[in-house]
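Protein sequences appear in the order of chains A and B.
For the record, in the first sequence the residue sitting at position 215 is 219 according to my numbering, with numbers rising by one throughout.
For the record, in the second sequence the residue sitting at position 32 is 36 according to my numbering, with numbers rising by one throughout.
Positions of the beta carbon are idealized from the N, C-alpha and C atoms, including for glycine.
Since the model is a prediction, treat every value here as computed from it, not as a measurement.
Protein chains: 2
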Amino acid sequence: MKKIDVCLSPDLIHLYDLSSVAVVVVDIFRATSCMVTAFASGAAEIVPVEEVELCQQYGAKGYLTAAERNGVTPAGFDFDNSPFSYQVEKVKGAKICVTTTNGTVAIRRSSSAPAVYVGAFLNISRVADALKAWNGNALVVCAGWKGKPNLEDTLFAGALIDALTGEYEVADDAALMAWKQYNLASNDLLTAVKNSSHVNRLLGLGIEKDIAFCLEFDRYSVLPRLEGDALRLV
Amino acid sequence: MKKIDVCLSPDLIHLYDLSSVAVVVVDIFRATSCMVTAFASGAAEIVPVEEVELCQQYGAKGYLTAAERNGVTPAGFDFDNSPFSYQVEKVKGAKICVTTTNGTVAIRRSSSAPAVYVGAFLNISRVADALKAWNGNALVVCAGWKGKPNLEDTLFAGALIDALTGEYEVADDAALMAWKQYNLASNDLLTAVKNSSHVNRLLGLGIEKDIAFCLEFDRYSVLPRLEGDALRLV
């Protein structure tokens with residue numbers, strides 16, 4: 005059977021062989037949830053970059069720009085890191101360059117894999133279907149928070165493993181732990197994440213609405229995939 | 005309240021400030037379980053080193069030597085990595101130099117902390133008592149397997165957090181997840197670890213007896229602590 009593993013932090017990605025796996029990058033609060041929302045609103049392409057300066061250079065080339073550092077948006081960017089900001093008309097057909105604290109780092113570090121998908125609860129069934137069709141092993145790369153594992157990305161990994169039961173088996177303990185963590189929380193994800201430090205950090209930013217939105221399953225049926233430097237819809 | 009955090013892999017230790025925390029290093033299968041057993045059998049000191057060659061140099065200086073790489077023992081060492089090997093007369097009063105795949109690496113990388121204890125289920129109450137007496141925050145450093153998190157070290161971290169309820173609160177999501185993982189498994193740790201990849205790897209080495217032994221709570225009342233290059237009893 006195909007195997008699925010979970011890299012709990014981008015700082016552990018050197019331990020995984022990316023040469024033949026399909027990677028799913030997840031940053032539930034909020035980078036990949038925003039990206040999925042943007043594509044659902046008609047974005048043409050999203051370029052994830054690690055540096056704020058590079059994002060600004062894309063802006064000078066005509067891209068709309070989005071930035072987040074430590075949960076907040078520096079001045080001078082078109083979008084912040086809330087999924088609600090992407091549910092607007094100007095997203096339609098737009099090319100957007102995005103830099104965030106964790107999510108875009110995780111995407112760039114995964115870029116050597118033959119397939120890199122962007123996952124969120126918002127599009128989890130599309131991600132699961134892509135992995136069912138993929139003829140090989142898979143790796144979920146959790147963005148975490150500044151290198152540390154976090155609960156919500158781990159729960160997504162577990163939910164994805166759960167959705168792939170019978171198609172994939174867990175490769176290692178991190179995947180097993182993510183799956184168990186999800187089974188423990190699956191009947192009420194919002195309550196489960198309420199005590200997480202990351203969520204408390206975000207609630208301090210006044211984004212309760214974002215938290216609930218990012219935990220919705222299958223609101224959208226889009227699947228972003230990395231092609232060269234840009235994410236586009238499959 | 006004091007805070008306790010969990011570093012799920014030595015490869016993440018750069019993310020944690022060790023300057024004022026008490027560190028508990030754990031490698032349940034089997035380095036720290038062996039060390040606790042050796043001290044309970046009367047060992048005078050244990051020097052953990054990262055390299056096999058350095059271990060051999062200690063051997064030339066009169067130390068007994070123990071080595072493990074990938075679960076097995078290279079030729080020419082006095083001890084392997086089974087706790088049963090340390091329940092013998094020659095351990096009494098001995099100075100032992102140890103190198104293992106994961107555990108000794110985790111100890112050395114933690115050595116800048118003001119207090120570094122060696123923990124295992126075998127001595128968990130002594131570790132908990134030391135942290136209750138410690139006037140500051142604490143960090144459990146899981147040895148994992150070649151940089152990847154593993155179930156049994158995470159379960160120990162969760163069990164320790166559970167034992168410290170009311171004295172320490174969880175600092176971050178890794179600690180929260182370890183605690184939940186332990187609560188899920190606490191009524192039967194042996195069954196819980198049966199499906200872990202690391203345990204399956206070890207069962208292939210024929211050490212079922214070791215696995216059960218290393219999951220025993222409070223068999224011993226010893227607490228090894230790092231002093232300079234060597235572990236000695238508190």
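Check: Using a C-beta cutoff of 8 Å, does D21/A count as contacting chain B?
Finding: Locating residue 21/A in the first sequence gives position 17, counting from the first residue. Chain B, which has no Cβ nearer than 8 Å to the Cβ of D21/A, makes this no.
Checklist line | Cβ of S45/A within 8 Å of any chain B Cβ | finding: Position 41 of the first sequence, counted from the first residue, corresponds to residue 45/A. Chain B contact via Cβ: absent.
Check: Nearest chain B C-beta to P14/A closer than 8 Å, yes or no?
Finding: If you number the first sequence from 1, residue 14/A lands on position 10. Closer than 8 Å: no.
Notebook entry, point to check: Do the region 5-24 of chain A and the region 50-70 of chain A touch if we need at least three Cβ pairs shorter than 8 Å?
Noted result: No: fewer than three Cβ pairs fall under 8 Å.
Checklist line | Alpha-carbon spacing of F43/B relative to I215/B, whole angstroms | finding: Working through the second sequence from its first residue, we reach residue 43/B at position 39. Working through the second sequence from its first residue, we reach residue 215/B at position 211. The straight-line gap from Cα to Cα measures roughly 19 Å.
Checklist line | Length of the line joining the Cα atoms of A132/A and H18/B | finding: For the purposes of this step, residue 132/A is identified with residue 128 of the first sequence, where counting begins at 1. For the purposes of this step, residue 18/B is identified with residue 14 of the second sequence, where counting begins at 1. If you take the alpha carbons of A132/A and H18/B, they lie about 34 Å apart.
Checklist line | Whole-angstrom distance between Y172/A and D9/B, CA atom to CA atom | finding: Position 5 of the second sequence, counted from the start, is the residue given in the question as residue 9/B. Position 168 of the first sequence, counted from the start, is the residue given in the question as residue 172/A. C-alpha separation (whole angstroms): 32 Å.
Next item on the list: Output yes or no for whether 8 Å exceeds the beta carbon distance between D177/A and S201/B.
Entry: Here residue 177/A refers to the residue found at position 173 when the first sequence is read from its first residue. Here residue 201/B refers to the residue found at position 197 when the second sequence is read from its first residue. Yes. Within cutoff.
Margin query: Please list, in chain order, the residues of the region 178-201 of chain B that have any C-beta partner in chain C closer than 7 Å.
Written below: In the structure shown, chain C cannot be found, because the protein chains are A and B.
Checklist line | Euclidean distance between Cα positions of V76/B and N127/A | finding: Stepping through the second sequence from its first residue, residue 76/B is reached at position 72. Stepping through the first sequence from its first residue, residue 127/A is reached at position 123. One C-alpha to the other measures close to 45 Å.
Next item on the list: Kindly give me the distance between the Cβ atoms of N85/B and A98/B, rounded to whole angstroms, as I take these residues to be in contact under 8 Å.
Entry: Within the second sequence, residue 85/B is the residue found at index 81, counting from 1. Within the second sequence, residue 98/B is the residue found at index 94, counting from 1. Wrong, their Cβ atoms sit about 16 Å apart, outside the cutoff.
Check: Closer than 8 Å, CB to CB, is P118/B near chain A or not?
Finding: Counting from one through the second sequence, the residue named residue 118/B turns up at place 114. Taking Cβ atoms only, chain A never reaches closer than 8 Å to P118/B, which makes this a no.
Check: What in chain A is Cβ-close to D176/B, meaning under 7 Å?
Finding: By 1-based counting over the second sequence, the position of residue 176/B is 172. By Cβ distance, chain A contributes K152 and S201.
Notebook entry, point to check: Does the separation of the CB atoms of M39/A and T158/B fall below 8 Å?
Noted result: Sequence index remark: in the first sequence, residue 39/A carries index 35 (1-based). Sequence index remark: in the second sequence, residue 158/B carries index 154 (1-based). No, they are not a contact pair.
Item checked: Cβ-Cβ separation, V197/B to L155/B (assumed contact under 8 Å), whole Å -> Looking up residue 155/B in the second sequence gives position 151. Looking up residue 197/B in the second sequence gives position 193. Contact between L155/B and V197/B is confirmed by a C-beta separation of about 6 Å, below the 8 Å threshold.
Note to self: Would G148/B and N106/B be called neighbours here (beta carbons separated by less than 8 Å)?
What the structure shows: On the second sequence, position 144 is the one that residue 148/B refers to. On the second sequence, position 102 is the one that residue 106/B refers to. Going by C-beta atoms, G148/B is nearer than 8 Å to N106/B.
Note to self: Strictly under 8 Å for the Cβ-Cβ distance: is T158/B near chain A by that measure?
What the structure shows: Stepping through the second sequence from its first residue, residue 158/B is reached at position 154. Yes, T158/B lies at the interface with chain A (some Cβ there is under 8 Å from its Cβ).
Notebook entry, point to check: Using the beta-carbon count (16 or more within 10 Å), is D192/B buried or exposed?
Noted result: Along the second sequence, one-based indexing puts residue 192/B at 188. Exposed, because fewer than 16 other Cβ atoms sit within 10 Å of the Cβ of D192/B.
Checklist line | Cutoff 8 Å: L207/A Cβ touching any chain B Cβ | finding: Translated into positions along the first sequence, residue 207/A becomes position 203. By the rule that beta-carbons nearer than 8 Å mark a contact, L207/A does not touch chain B.
Checklist line | Contact between the region 182-191 of chain A and the region 46-57 of chain B (3+ Cβ pairs under 8 Å) | finding: Short answer: they don't touch.
Next item on the list: Can you say whether K4/A is buried or exposed, counting buried as having 16 or more other CB atoms within 10 angstroms of its CB?
Entry: Residue 4/A lies beyond the stretch modelled for chain A, which goes from 5 to 238, so this question has no answer here.
Notebook entry, point to check: Between G140/B and K7/B, what straight-line distance do the alpha-carbon atoms span, to the nearest angstrom?
Noted result: Here residue 140/B refers to the residue found at position 136 of the second sequence. Here residue 7/B refers to the residue found at position 3 of the second sequence. Straight through space, the alpha carbons of K7/B and G140/B are spaced by roughly 8 Å.
Note to self: For V238/A and D166/A, I'd like the C-alpha separation in whole angstroms.
What the structure shows: In the first sequence, counting from the first residue as 1, residue 238/A sits at position 234. In the first sequence, counting from the first residue as 1, residue 166/A sits at position 162. Straight across, the Cα-Cα distance linking V238/A with D166/A is about 23 Å.
Notebook entry, point to check: From which residue to which residue does the beta strand (DSSP E) around G107/B run?
Noted result: Taking the first residue of the second sequence as 1, we reach residue 107/B at position 103. Judged by DSSP secondary structure, G107/B falls outside any beta strand (DSSP E) and instead within the alpha helix (DSSP H) spanning G107 to R113.
Next item on the list: Would you identify the three-state DSSP class for R205/A, choosing helix, strand or coil?
Entry: Your numbering for residue 205/A matches position 201 in the first sequence. Correct three-state label for R205/A: helix.
Checklist line | Boundaries (first-last residue) of the beta strand (DSSP E) holding A70/B | finding: Position 66 of the second sequence holds residue 70/B. For A70/B, the enclosing beta strand (DSSP E) stretches over residues L68 to A71.
Check: At a CB-CB cut-off below 8 Å, which residues of chain A make contact with L155/B?
Finding: The sequence position of residue 155/B within the second sequence is 151, counting from 1. Residues of chain A whose Cβ lies closer than 8 Å to the Cβ of L155/B are, in chain order, D177, L180 and M181.
Check: I think V145/A touches V29/A, with their Cβ atoms under 8 Å apart; what is that distance to the nearest whole Å?
Finding: Taking the first sequence and counting its residues from 1, the one referred to as residue 145/A is at position 141. Taking the first sequence and counting its residues from 1, the one referred to as residue 29/A is at position 25. Indeed they touch by this definition, with Cβ atoms about 5 Å apart.
Notebook entry, point to check: What is the residue span of the beta strand (DSSP E) that A175/B lies within?
Noted result: Taking the second sequence and counting its residues from 1, one reaches residue 175/B at position 171. That residue, A175/B, is in no beta strand (DSSP E); it is neither H nor E in DSSP.
Margin query: Please classify A137/B as buried or exposed, where buried requires at least 16 neighbouring CB atoms within 10 angstroms.
Written below: The residue given as residue 137/B occupies position 133 in the second sequence. Exposed, because fewer than 16 other Cβ atoms sit within 10 Å of the Cβ of A137/B.
Notebook entry, point to check: Helix or strand or just coil, what does DSSP make of Y90/A?
Noted result: Translated into the one-based positions of the first sequence, residue 90/A becomes position 86. Here Y90/A sits in helix by DSSP.
Next item on the list: Assign P14/A to one of three DSSP states: helix, strand, or coil.
Entry: Here residue 14/A refers to the residue found at position 10 of the first sequence. Three-state DSSP puts P14/A in a helix.
Next item on the list: Under the assumption that S4/A contacts V120/A (Cβ atoms under 8 Å), give the Cβ distance between them as a whole number of angstroms.
Entry: Residue 4/A lies beyond the stretch modelled for chain A, which goes from 5 to 238, so this question has no answer here.
Next item on the list: Measuring alpha carbon to alpha carbon, tell me which of E72/A, S23/A, L188/A and G170/A ends up nearest V109/A.
Entry: Position 105 of the first sequence, counting from 1, holds the residue named residue 109/A. It is E72/A.
Next item on the list: State the beta-bridge partners of K6/B as determined by DSSP.
Entry: Here residue 6/B is taken as the residue at index 2 of the second sequence, counted from 1. K6/B is bridged to Y172/B.
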